[in-house]
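K.L.:
In our numbering, the protein residues as written are 24 to 164. For every residue, glycine included, the Cβ atom is placed at its ideal position computed from N, Cα and C. Quick one: the structure is below, and I'll ask about it shortly.
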């Protein structure tokens with residue numbers, strides 16, 4: 024997903040995956056939420072960021088998974104964009120909700136004119152996200 028959307032927008036995607044991260048065990052809900060947060064962050068960088076480069080890193084630190092998506096684009100005011108009455112839609116609130124459901128933390132750092140950095144950290148051993156899944160694997164939320 025990331026390569027296709029950034030290339031179509033004329034942007035460069037730099038991906039860094041720490042060795043060993045791919046071997047970590049995530050439950051189905053964690054994988055889905057991690058992917059959807061990644062997808063929304065990259066999509067926002069392309070759609071709104073006017074960036075030249077989007078950097079994505081996935082690493083482990085102290086037993087936690089850390090996803091960072093950052094761009095060198097125009098940045099924004101996170102407080103304004105996060106409110107439904109501001110200029111933003113549902114993307115940032117949905118990312119925050121998914122992070123909470125994973126038992127993780129989502130931080131958004133952005134300053135107009137200086138790009139954006141979105142960071143997700145969560146403990147893959149936290150399986151509370153399984154409670155949201157129905158017996159057939161569909162999200163119950």
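#1: The alpha helix (DSSP H) that contains residue 59, what's its start and end?
#2: Within the same chain, show all residues whose beta-carbon is closer than 8 Å to that of residue 43, passing over the 5 residues directly before and after it, in chain order.
#3: Leaving out the 5 sequence neighbours to the left and right, which residues in its chain are closer than 6 Å to residue 133 when beta-carbon positions are compared?
#4: Could you have a look at residue 93 and say whether DSSP puts it in helix, strand or coil?
#5: Over what stretch of residues does the alpha helix (DSSP H) that includes residue 123 continue unbroken?
#6: Run through DSSP, which three-state label would residue 39 get?
#7: List the whole-angstrom C-beta distance separating residue 69 from residue 29, where the pair is believed to meet the contact cut-off of C-beta under 8 Å.
#8: Closer than 7 Å by C-beta to residue 75: which residues in its own chain qualify, once you throw out the five before and the five after it? Chain order, please.
#9: Go ahead and label residue 92 buried or exposed: buried means 16 or more other beta carbons lie within 10 angstroms of its beta carbon, across all protein chains shown.
#10: Rounded to the nearest angstrom, how far is the Cβ of residue 88 from that of residue 147, given a contact under 8 Å?
#11: Give a yes or no on whether the C-beta atoms belonging to residue 60 and residue 120 are separated by under 8 Å.
P.N.:
Let's see:
#1: In the DSSP assignment, residue 59 falls within the unbroken alpha helix (DSSP H) covering 51-71.
#2: Hits under 8 Å: 83.
#3: Once the five neighbours on either side are set aside, the close Cβ partners of residue 133 are 98, 99, 101 and 139.
#4: Residue state, collapsed to three classes: strand.
#5: Per DSSP, residue 123 belongs to the alpha helix (DSSP H) from 114-124.
#6: Strand, per DSSP.
#7: Indeed they touch by this definition, with Cβ atoms about 6 Å apart.
#8: Short of 7 Å from the beta carbon of residue 75, and not among the five residues preceding or following it, lie these beta carbons of its own chain, in chain order: 34, 35 and 95.
#9: Answer is buried; the Cβ neighbour count reaches 16.
#10: Indeed, because the Cβ distance is near 6 Å, the residues count as touching under 8 Å.
#11: No, these two residues do not count as a Cβ contact at 8 Å.
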